[in-house]
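Basically the working numbering = 1-based index in the sequence shown + 121. All C-beta atoms, glycine included, are put in the ideal place defined by N, C-alpha and C. All figures in this text were calculated on a predicted structure; none of them were measured in a lab. Here's the structure we're looking at; comments come further down.
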Amino acid sequence: MLKSLLIRNYALIRELEITPSAHLNIITGETGAGKSIILGAVGLLLGNRAEGRSLLNEEEKCVVECVFDVKGYPVKSVFEEAEIDYEDSCIIRREISPAGKSRAFINDTPCTLDTLKLLGSRLMDIHSQHDSVQLGSNAYQLSILDTYGELQSQTSAYRLTYEAWRKADQVFRKLEEESKKDKKELDYNLFQLKELNKAKLVSGEQESLEAELNLLENAEEIRQRLGESVELLDSGEDTVISRLRTVKTNLSRLSEYGENFSKLSERTESVWLELRDIAGELDAIAEGIETDTTRSEEINERLSLLFSLQKKHGVADSEGLIEIRNQLAAQTAGLENMEESIAAAREKADALHLEAKALAETLTNARLAAVPVLQSELIGLFTDVGMPNATIRIDRQAAALSPTGADTIAFLFTANKGMSPRELRNVASGGEFSRLMLCIKYILAGKTHLPTIIFDEIDTGISGETAVKVGRMMERMSQRHQLIAITHLPQIAARASAHYYVYKDHSDVKTVSHIRLLNNKEQVNEIAGMISGTAPTAASLASAEELMGSRVK
122 MLKSLLIRNY ALIRELEITP SAHLNIITGE TGAGKSIILG AVGLLLGNRA
172 EGRSLLNEEE KCVVECVFDV KGYPVKSVFE EAEIDYEDSC IIRREISPAG
222 KSRAFINDTP CTLDTLKLLG SRLMDIHSQH DSVQLGSNAY QLSILDTYGE
272 LQSQTSAYRL TYEAWRKADQ VFRKLEEESK KDKKELDYNL FQLKELNKAK
322 LVSGEQESLE AELNLLENAE EIRQRLGESV ELLDSGEDTV ISRLRTVKTN
372 LSRLSEYGEN FSKLSERTES VWLELRDIAG ELDAIAEGIE TDTTRSEEIN
422 ERLSLLFSLQ KKHGVADSEG LIEIRNQLAA QTAGLENMEE SIAAAREKAD
472 ALHLEAKALA ETLTNARLAA VPVLQSELIG LFTDVGMPNA TIRIDRQAAA
522 LSPTGADTIA FLFTANKGMS PRELRNVASG GEFSRLMLCI KYILAGKTHL
572 PTIIFDEIDT GISGETAVKV GRMMERMSQR HQLIAITHLP QIAARASAHY
622 YVYKDHSDVK TVSHIRLLNN KEQVNEIAGM ISGTAPTAAS LASAEELMGS
672 RVK
């Protein structure tokens, strides 16, 4: 629960500090005195937007700080996720610099606004007049039913599955759309790949074919020149080889006259042997050279195909064609596998859809089970808030799967006897909205672990005996939760465990708001003034004491 609240340099507040009671805390004061300003400051601790113009003194920073006793409340996970040390006494602080920069702290550790919002939502619930209007929303009505039925774990499990299904469905639809766009490209690429595969490309083939064709086309000249060369080297008596043999023999005989002749003889013999090998090789090549017109035509056809493909694909050789073939093979493989990917994506999306439908059905059944009990409890409280003839019916209609399930919930209401209930937002007055919201908050208070609940004029539109009953209801709520309520009704103010009075001080250069805790006598006077509307009279003082005497002891 809230142990203390400090507000410094915010709006009309120079400095304000309160230590609220663990039960019912009432805040009263004249209109415009600054009661709602306090709630605005508290809202900063719940992560609300901070504005630089909220500073009373624009040269100093604004500080809003509260201390909570969080022992026994389910908040440790927030500390763990934010890597903040947990303590039973938790300090939350928000600072706004004159430049408008905002900083948030939990236990003096800087934190994000998201963390602040998460922690604040588990420690405090602020009900404003806007919330009563919000009660007319079907989505808000559904959230009330889920809170009452304590369906948080079921709604969370369903939402996770629903979101997973939506993502899987988006993936499937995107793949399907891409498949339609890629089909033409796939057909064209497959045609080109088929053409290149049919060509049976081989690395280095073109160079080999060109060399072979060159031989075939010049076979006659090659044979002629080879024959002539062989004849010069080794055909007949006066050939290069026979003459070299004579030189070799002469040098061999001279080797006994000097080492240099011996070496020259060896070198000449090497040249003689090499020329013999060359002559034999030339002769063998000449024997193998033939004019093959059929083979020439085959090579020309093959080269013509290769040149045609090279021109088509804009490359210079067969290696370029092979690279394009490999690229097309990879691309088409990916596109051909698209069908498998689409089938797998469809299967995943369909499975998650079925799972989401099953969880939604379970959630629907749990909601339907909670409906009659909530209706009964609400109707049982209507008399206590001055609506003895009112009735409410919670209507459920099937809906398409959405983040909240497959249900549309509508609160049908009438405050008049003999009238059929209709949509709440179409028939309830402002006062009826407020009283119905109070009944709902009263019931939900027993279903939540919120330590502190704040009401900002939830008593709008009620008076007299109804106000007395509402005061008793709020007093009973405060036995289980810490309540802080801003009110203009003496019947409710009289139930306070602690009564704070907000007022303006015009004695300085700037008007500022102050708050002070009233003692018993001051509380009697304040309530008497609220009754009479002027300075307390003897009758209003007696009425105030009577109202206060009816408090739960």
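Exercise. With 16 other CB atoms within 10 Å as the buried threshold, where does Ser664 fall?
Worked result: Walking along the sequence shown from the start, residue 664 turns up at place 543. Ser664 is buried by the Cβ-count criterion.
Problem set entry | Beta-carbon spacing of Asn310, Gln452 below 7 Å | Translated into positions along the sequence shown, residue 310 becomes position 189. Translated into positions along the sequence shown, residue 452 becomes position 331. Yes, these two residues count as a Cβ contact at 7 Å.
Exercise. When we look at the beta-carbon of Phe503 and count the other beta-carbons within 10 Å, is it buried (16 or more) or exposed?
Worked result: The residue given as residue 503 occupies position 382 in the sequence shown. So Phe503 counts as buried.
For this session: Return the Cβ separation of Gly507 and Arg556 in integer angstroms, given the expectation that the two are a contact with Cβ distance under 8 Å.
Result: For the purposes of this step, residue 507 is taken as the residue at position 386 of the sequence shown. For the purposes of this step, residue 556 is taken as the residue at position 435 of the sequence shown. Confirmed, Cβ separation roughly 7 Å.
Problem set entry | Spatial neighbours of Ile158 in its chain, beta-carbon cut-off 8 Å, leaving aside the 5 residues before and after | Residue numbering aside, residue 158 sits at position 37 when the sequence shown is read from its first letter. Excluding positions up to five away in sequence, the list reads Tyr131, Ala132, Leu133, Ile134, Ser634.
Exercise. Out of curiosity, what's the CA-to-CA distance linking Leu126 and Ser218?
Worked result: As a first step, residue 126 must be located in the sequence shown, where it is residue number 5. As a first step, residue 218 must be located in the sequence shown, where it is residue number 97. Approximately 19 Å, taken between the alpha carbons.
Problem set entry | Host beta strand (DSSP E) of Leu167 (start-end) | For the purposes of this step, residue 167 is taken as residue 46 along the sequence shown, with counting starting at 1. Careful: Leu167 lies outside any beta strand (DSSP E) and carries neither H nor E.
Exercise. According to the neighbour-count rule (16 or more other Cβ atoms, all chains shown, within 10 Å of its Cβ), is Met540 buried or exposed?
Worked result: Counting from one through the sequence shown, the residue named residue 540 turns up at place 419. By the neighbour-count rule (16 or more Cβ atoms within 10 Å), Met540 is not buried but exposed.
Problem set entry | Delimiting residues of the alpha helix (DSSP H) encompassing Ser462 | Counting from one through the sequence shown, the residue named residue 462 turns up at place 341. Run containing Ser462: 459–503, per the alpha helix (DSSP H) assignment.
For this session: Check whether the Cβ atoms of Asp246 and Ile574 lie closer than 7 Å to each other.
Result: The residue you call residue 246 lines up with position 125 of the sequence shown. The residue you call residue 574 lines up with position 453 of the sequence shown. It is a contact, given that the beta carbons lie within the stated cut-off.
For this session: Determine contact between the segment 136–151 and the segment 595–611, defined as no fewer than three beta-carbon pairs at a distance below 8 Å.
Result: yes
Problem set entry | Backbone secondary structure at Tyr622 - three-state DSSP | In the sequence shown, counting from the first residue as 1, residue 622 sits at position 501. Strand at Tyr622.
Problem set entry | Pair within 7 Å by beta-carbon distance, Arg344 and Ala407 | In the sequence shown, the residue the question calls residue 344 occupies position 223. In the sequence shown, the residue the question calls residue 407 occupies position 286. Cβ atoms of Arg344 and Ala407: closer than 7 Å.
Exercise. Nearest-angstrom Cα distance between Thr152 and Thr485?
Worked result: Taking the sequence shown and counting its residues from 1, the one referred to as residue 152 is at position 31. Taking the sequence shown and counting its residues from 1, the one referred to as residue 485 is at position 364. Distance between the alpha carbons of Thr152 and Thr485 is about 45 Å.
Problem set entry | Assumed close pair Ile583, Ala614 - CB separation to whole angstroms, cut-off 8 Å | For the purposes of this step, residue 583 is taken as residue 462 along the sequence shown, with counting starting at 1. For the purposes of this step, residue 614 is taken as residue 493 along the sequence shown, with counting starting at 1. Contact doesn't hold; Cβ gap of about 13 Å is too wide.
For this session: Pull up the distance between the alpha-carbon of Ile652 and that of Ile636, whole angstroms please.
Result: By 1-based counting over the sequence shown, the position of residue 652 is 531. By 1-based counting over the sequence shown, the position of residue 636 is 515. Their Cα atoms are separated by approximately 21 Å.
For this session: With DSSP collapsed to three states, give me the class of Tyr131.
Result: Here the question's residue 131 lines up with position 10 in the sequence shown. The three-state reading of DSSP puts Tyr131 in strand, counting E and B together.
Exercise. Since Met508 is in the beta strand (DSSP E), which residue starts that stretch and which ends it?
Worked result: Stepping through the sequence shown from its first residue, residue 508 is reached at position 387. Met508 -> no beta strand (DSSP E), and no H or E assigned at all.
Exercise. Are the beta-carbon atoms belonging to Ser249 and Asp577 less than 7 Å from one another?
Worked result: Along the sequence shown, one-based indexing puts residue 249 at 128. Along the sequence shown, one-based indexing puts residue 577 at 456. Yes, the Cβ-Cβ distance between Ser249 and Asp577 is below 7 Å.
Exercise. Do the segment 489–502 and the segment 265–273 make contact, defined as three or more Cβ pairs closer than 8 Å?
Worked result: yes
Exercise. So Arg390 and Lys369 are in contact, right, with Cβ under 8 Å, and what is the actual spacing, rounded?
Worked result: Here residue 390 refers to the residue found at position 269 of the sequence shown. Here residue 369 refers to the residue found at position 248 of the sequence shown. Correcting the residue identity first, residue 390 is Glu in this sequence and not Arg. About 5 Å separates the beta carbon of Glu390 from that of Lys369, a gap short enough to meet the 8 Å contact definition.
Problem set entry | Spatial neighbours of Asp589 in its chain, beta-carbon cut-off 6 Å, leaving aside the 5 residues before and after | To locate residue 589, count along the sequence shown from 1; it is residue 468. Looking at the sequence itself, residue 589 is Val, so the reference to Asp does not match. Once the five neighbours on either side are set aside, the close Cβ partners of Val589 are Gln612.
For this session: Determine which residues share a DSSP beta bridge with Val184 and list them.
Result: As a first step, residue 184 must be located in the sequence shown, where it is residue number 63. Bridge partners of Val184: Arg129, Glu216.
Problem set entry | Under 7 Å between C-beta atoms of Gly155 and Val623 | Residue mapping note: residue 155 aligns to position 34 of the sequence shown, counting from 1. Residue mapping note: residue 623 aligns to position 502 of the sequence shown, counting from 1. Contact: yes.
For this session: Sort out for me which residues DSSP pairs Pro611 with in a bridge.
Result: Here residue 611 refers to the residue found at position 490 when the sequence shown is read from its first residue. Per DSSP, none; premise fails for Pro611.
Exercise. Where Lys674 and Lys562 are concerned, what is the direct C-alpha to C-alpha distance, given to the nearest angstrom?
Worked result: Here residue 674 corresponds to residue number 553 of the sequence shown, with the count starting at 1. Here residue 562 corresponds to residue number 441 of the sequence shown, with the count starting at 1. For Lys674, the predicted structure reports a pLDDT of 48, less than 50, and the residue's modelled location is therefore unreliable. A value from the coordinates is still provided. Roughly 23 Å between the two C-alpha positions.
Problem set entry | Collapsed DSSP secondary structure at Glu408 in the structure displayed | Looking up residue 408 in the sequence shown gives position 287. Three-state DSSP puts Glu408 in a helix.
Exercise. Given that a residue counts as buried once 16 or more other Cβ atoms are within 10 Å of its Cβ, and exposed if not, what is Tyr378?
Worked result: Sequence index remark: in the sequence shown, residue 378 carries index 257 (1-based). It counts as exposed.
Exercise. According to DSSP, is Gln603 helix, strand or coil?
Worked result: Within the sequence shown, the letter at position 482 stands for residue 603. Strand, per DSSP.
For this session: Taking 8 Å as the threshold, find out whether the segment 228–240 comes into contact with the segment 519–534 through three or more Cβ pairs.
Result: no
Problem set entry | Boundaries (first-last residue) of the alpha helix (DSSP H) holding Leu430 | In the sequence shown, residue 430 corresponds to position 309, counting from 1. Unbroken alpha helix (DSSP H) run through Leu430: 414–434.
For this session: Assuming Tyr621 and Ile148 form a contact by the criterion Cβ under 8 Å, report the distance between their Cβ atoms to the nearest whole angstrom.
Result: Working through the sequence shown from its first residue, we reach residue 621 at position 500. Working through the sequence shown from its first residue, we reach residue 148 at position 27. 5 Å between Cβ atoms; contact.
For this session: Less than 8 Å between the CB atoms is what I'm expecting for Leu403 and Leu337, so what's the real figure, rounded?
Result: By one-based count along the sequence shown, residue 403 stands at place 282. By one-based count along the sequence shown, residue 337 stands at place 216. Contact flag wrong, Cβ pair sits at about 19 Å.
Exercise. In the structure shown, what three-state DSSP assignment does Ile158 receive?
Worked result: Taking the first residue of the sequence shown as position 1, residue 158 is located at position 37. DSSP places Ile158 in helix when its eight states are reduced to three.
For this session: Say whether chain C places a C-beta atom closer than 7 Å to the C-beta of Ile147.
Result: Given the protein chain composition of this structure (a single chain), no chain C is represented.
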